[in-house]
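>
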Amino acid sequence: MRLVLKESFSEPPRYIKLLAKLGIVILAAVFLLLPEILRESSLLIGDEPYYHLSNAGNFSGVGAGWNFLLEYFHTDALLLIIGMLSLFFIFLNLKTLKLEERLVAMGFFIVSPAFIHMFNLGERFGAAFLFSLIFFYFLFKNKHILSAVWLPAIFIFDHWTGLFSLFVSGLYMLYVKNAKKIFYSLLGVFILLVLIVGGVKDGITSDLGAKIGSSVFALFFAALCFLFLWNKKKFLYLYGIATLLFLFSLKVYFGIFYFSLFLSILMSICLFELLRIKWESTLARDLILLIIVCGLLFSGLSYTNRISKAKPDDSIFNALNRLPDDAVVFSDLESGNWITYDGKQAVWHSMMSRKELDIVREDFSSVLDSKDYTGTINILEKYKVDYILVDDELKQEWQESGLIYIMRYNSEDFRLLFETDGVEIWRFFK
Amino acid sequence: MQIKRSQRILILIFLVVLFSRMYFAFQTPYLDNSGNLVERYTKQIAETGKPMFYDFLSYNGREVLYSPLWHYILAAASLILGNAAFKIVPIIFYSFLIPVVYLLSKRIVDNDELALFISLMSGFIPVIFLDSLISASIFSLVVPVMFYLIYLFIDLDGEKIAAFAVFSFLLSLLHPISILLSLGFIVYYLLSSSENLDIGNLKQEALVFNFVSTFFIQFILYKKAFLEYGISVIWHNVPSQILLDYFAFDFLGMMYKIGALTLIFGLIGIIWGIIRKKDKILLISGFALATLILLWLRLLEPRIGMLFFSVALVISSTFTLNIFLNYLGKTKLPYYRLSFVVVVIGLIVVSLAVPSFVYASKHVKENVPSDYEILVLKWIKENALPDTTIVAPLGKGHTISGIAGKRTVLDDNFLLAPETSERYKDIIRLYETKSEVEALEIIAKYNIDYIFIPIEIELEYGKLKWIDDETCFKGIFFGTPKVYQVTC
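Taken in sequence, the protein lines are chains V and D.
Going letter by letter, the first sequence gives residues 209 to 638 in this note's numbering.
Going letter by letter, the second sequence gives residues 521 to 1008 in this note's numbering.
(1) Could you pull the DSSP bridge partners for phenylalanine 997 of chain D from this structure?
(2) What separation, rounded to the nearest whole angstrom, lies between the Cα atoms of glutamine 583 of chain D and alanine 780 of chain D?
(3) Going along the stretch 589-608 of chain D in order, which residues come within less than 8 Å of chain V, judged by CB to CB distance?
(4) Who are the Cβ neighbours of leucine 427 of chain V in its own chain at under 7 Å, not counting the five residues just before and after it?
(5) If you follow the beta strand (DSSP E) that tryptophan 634 of chain V is in, where does it begin and where does it stop?
(6) Could you compute how far the alpha carbon of lysine 225 of chain V sits from the alpha carbon of isoleucine 399 of chain V?
(7) Less than 8 Å between CB atoms is the rule here; does glutamate 748 of chain D satisfy it with respect to chain V?
(8) For chain D, check one thing: does any of its Cβ atoms lie closer than 8 Å to the Cβ of arginine 493 of chain V?
(9) Please list the residues of the stretch 725-746 of chain D that have a C-beta atom closer than 8 Å to any C-beta atom in chain V, keeping them in chain order.
(10) Under a Cβ-count criterion, where at least 16 other Cβ atoms within 10 Å of its own Cβ denotes burial, should aspartate 891 of chain D be classed as buried or exposed?
(11) Counting along the chain, where does the alpha helix (DSSP H) carrying threonine 628 of chain V start and finish?
(12) Residues of chain D with a CB under 8 Å from the CB of isoleucine 390 of chain V: which are they?
(13) Counting pairs of Cβ atoms below 8 Å between the stretch 580-596 of chain D and the stretch 530-539 of chain D, do you hit three or more?
(14) Just verifying my parser: in three-state terms, what is the DSSP assignment at valine 536 of chain V?
(15) Among V/Leu300, V/Thr628, V/Val598, which has the Cα closest to the Cα of asparagine 526 of chain V?
(16) Measure the alpha-carbon distance for leucine 394 of chain V versus isoleucine 362 of chain V and round it to whole angstroms.
(17) Excluding the 5 residues preceding and the 5 following leucine 589 of chain D in the sequence, name in chain order all residues of the same chain whose CB lies nearer than 7 Å to its CB.
(18) Would you mind telling me which residues of chain D sit closer than 8 Å to serine 489 of chain V, beta carbon to beta carbon, in chain order?
(19) Is any beta-carbon of chain D found at less than 8 Å from that of glycine 407 of chain V?
(20) In this structure, how does DSSP classify arginine 222 of chain V when only helix, strand and coil are distinguished?
(21) Compare the Cα-Cα distances from isoleucine 612 of chain D to each of D/Asp989, D/Lys898, D/Ser713, D/Ala656 and report the closest residue.
(22) State whether the stretch 786-794 of chain D contacts the stretch 823-843 of chain D, with contact taken as three or more CB pairs (one from each stretch) at a distance under 8 Å.
(23) Comparing the C-beta of phenylalanine 434 of chain V with each C-beta of chain D, is any distance below 8 Å?
(24) I want to verify the contact list: residues of chain D whose CB lies under 7 Å from the CB of serine 510 of chain V, in sequence order.
(25) Check whether chain D comes within 8 Å of phenylalanine 480 of chain V, counting only Cβ atoms and requiring the distance to be less than that.
(26) CA-CA distance, aspartate 718 of chain D and phenylalanine 323 of chain V?
(27) For leucine 701 of chain D and leucine 691 of chain D, which I take to be in contact (beta-carbon distance under 8 Å), what is that distance rounded to the nearest angstrom?
(28) Considering Cα atoms alone, identify which of V/Asp594, V/Glu632, V/Phe626 is closest to isoleucine 612 of chain V.
(29) With a threshold of 8 Å between beta-carbons, can isoleucine 751 of chain D be considered close to chain V, or not?
(30) When DSSP labels each residue in this structure, what does valine 911 of chain D get in the three-state scheme?
(31) Straight-line CA distance for arginine 525 of chain D to serine 830 of chain D?
(32) Let me know the secondary structure DSSP gives isoleucine 523 of chain D once reduced to three states.
(33) Compute the Euclidean distance between the alpha carbons of valine 911 of chain D and glycine 315 of chain V, then round it to the nearest angstrom.
(34) Taking Cβ-Cβ distances below 8 Å as the criterion, which residues of the stretch 684-699 of chain D are in contact with chain V?
(35) Who are the Cβ neighbours of glycine 457 of chain V in its own chain at under 6 Å, not counting the five residues just before and after it?
(36) Roughly how far, in whole angstroms, is the beta-carbon of serine 558 of chain V from the beta-carbon of asparagine 545 of chain V, given that I think they are within contact range, below 8 Å?
Below is the structure:
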């Protein structure tokens, strides 16, 4: 059994506190601006922002509030403000922790891939996340009416995040009111739902190629701390919540944002606990903690670098610009929102309802996988496709089969119109 | 300073092993296939000071991912030793395993003579002996460093922790196999915990440090591979067609390559150590078990796994032999001590040294290019255009790019290589097809200019029929190997 060092952490001077807070603000600014600085083009990252931009000014569709806001504010500026405000409310929400624990937790969260993703990709989740933090801030302060006022705002941006916030607030209220039976029943139902409903997302950690996930070092550090601190009751509860959120993040896209935040808080508490306990070798302790911190930073920077190189690039829009407006363009699912944003019609896009998407996906799976000429032509005619857009990545993905094969060997129905910077546009003659 | 008797004997063993390895290594002036790759990357460093991260010759040009530390060491040595560095340096490093094994054995049994004897055994483990000769193998440094770390860990104290940290970093920087040591430490921890043995806080801290630093460095060095393949990175992008063979674990083969006596004594030592709850042998057992588990799960290439497993077995056999000697001490056999020593040495010679020498002699003959092959490749180097592509079977890729300096379609450096499975399939198809159309399709697909046909290919797939079309293929060399130029 390890001993806890008796010496307590002395209160740091006021200017040190101020410098530490300033350091966190600078760190946040760096990670909010870095992907844009590293990016070669000025285009937004990913495909979802283009859906919102296509619907800018409309108070409708997925993420209605976000669509509406984008008409009046530039996406990058909005993300920067929302990111900073989110950190401010995280700071306020963590009031029960010591200042150093709060700041370190925020630092860990800032360098997490989830934070970088949320406030650099122009998706609706950043705003929903901010409003959920405001909602919880008032809830924790027992200002229930004020808290309830902010709840609709979460729903406006993302109704699933709203439902999740409502559920967590319900659990919190039950816990506070000591209604243990209902609390545990609800928790049980939640665990069951998380385990049973839906499929598991691809990938857990962004370091192993997942589109969005936790840092492998964060997961490792949490697991390591568990080995050291599992016999302390406080940590068992914290790890229980972390496990639940982890499972939730495997099933629900936005779950990773809340899991990463909680993981950062957990890591910060554990870090200070590890610093308190007695180590046989301070060299080993310092090196371990230094490596972990470097690892977290490495994961964040590596993810920043990765998203800064993500599609789209100018070549896709240059090719699309050469096509007539309202033409129906077929490409992969990810390109759908870019096609729509450019004033053309897409066969499918990632923001369609699952039901609609399943139908289109089923139709096009036969187009992409088989070399059945009649079937392919029928499907393309059914969706009134005029043009087909294929880039290098798609050629690799679709390989020399299905649609690519038919396009290449059937000059009667397909013709390569042009190729610019690796993007091919094919005309389909109905 | 006076040198002790045991130290003198140890130096003698070191020199005997060193020179016997050198004798075999210098039977040929050439290196094997993988040695040629090391030589090429090292020469790049020697010439430019920078490592090669884009290989223009491999796979018609591709990105490569490796830690260049070993190549820097070789480049520095080659400034003094020239090309001989590719043989001398690995042999010297591998020979350092002898003092490391001696120190470890002494820690385990505190018997000087036995420790010396075990260190002699370690010098003639066939699998290690072969790896030290013509491959310019990075494991020549990795294996001694890894076992030195185990030695430091056995009696870890405040003074040794700094050295442990430095060598942990060095090992991680050298090769990703350093993960094996971290896993070995974890298995040791689990074994100790299951036996209620307290390993102490310092060892726990060192164990965590080793694990953290190893994974951190691997993530930094191989970030691209982790992003590209995810957790499948453990299979190094090996073509699916040979994946099973690549990681196939042959127990009988292991007996030959490790030595039957080493295997028997070593396994008894491991099992006995676990039963007797001996802390020091538990560490070696943990390491050996981790290696065996990885081999069994096909997560570790047997050729590499056996290098570490064999040394672990030799060290754990110290424990068995010590028990055996103690038992003999209680019988009348001590009267025949000399005869006994002669018999044991004889057995070791038969089970380790003889196979090592036999294999070594065969290895240096069969695994380096023949003089004719060198003549062919040098001709290509001097007469073919600079951006020429040569097709050759998988095992010849580095030899061709190394000696002829031309592009190849496929080699066994699979990590981050493009479409390895497809290329492997295409090359097999090229050599076995009877259809000239199919062959020309593959030739066009990879812009092949020369077709390299070694004797092994003709023995396996028969004579290539389509190569006789003189309008498309011009014969350059007709011996073994045959070389044809594509002219259409």
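Glycine included, every Cβ here is placed at the ideal spot set by N, Cα and C.
To lay it out plainly:
(1) D/Val1003
(2) Reading the sequence as shown, one finds glutamate at residue 583 of chain D and not glutamine. Computed Cα separation, rounded: 42 Å.
(3) Listed in chain order, the positions of the stretch 589-608 of chain D with a beta carbon within less than 8 Å of a beta carbon of chain V would be empty, since no residue qualifies.
(4) Thr413
(5) 631-636
(6) 40 Å
(7) At least one chain V Cβ lies under 8 Å of glutamate 748 of chain D.
(8) yes
(9) Glu725, Ala726, Val728, Phe729, Val732, Ser733, Phe735, Phe736, Phe739, Ile740, Lys743, Phe746
(10) Aspartate 891 of chain D comes out exposed.
(11) That residue, threonine 628 of chain V, is in no alpha helix (DSSP H); its beta strand (DSSP E) goes 622-628.
(12) Going along chain D, no residue has its Cβ under 8 Å from isoleucine 390 of chain V, so there is no contact; the nearest lies around 40 Å.
(13) no
(14) strand
(15) Nearest C-alpha to asparagine 526 of chain V: V/Thr628.
(16) 22 Å
(17) Leu693, Leu694
(18) Those are Gly678, Ile681, Leu722, Glu725, Ala726, listed as they occur along chain D.
(19) So, not an interface residue.
(20) helix
(21) D/Ala656
(22) Contact between the stretch 786-794 of chain D and the stretch 823-843 of chain D is present, because at least three Cβ pairs lie under 8 Å.
(23) Chain D, which has no Cβ nearer than 8 Å to the Cβ of phenylalanine 434 of chain V, makes this no.
(24) Under the 7 Å cutoff, chain D gives Lys743.
(25) no
(26) 41 Å
(27) Contact annotation, leucine 701 of chain D with leucine 691 of chain D: C-beta distance approximately 7 Å; criterion of less than 8 Å satisfied.
(28) V/Glu632
(29) By this cut-off, isoleucine 751 of chain D is an interface position.
(30) strand
(31) Linking arginine 525 of chain D to serine 830 of chain D through their CA atoms gives a straight-line distance of about 28 Å.
(32) Coil, per DSSP.
(33) 53 Å
(34) Ala685
(35) For the record, residue 457 of chain V in the displayed sequence is serine; it is not glycine. Closer than 6 Å at the Cβ level, and outside the excluded window around serine 457 of chain V, lie Gly463, Ile464, Phe467.
(36) 7 Å
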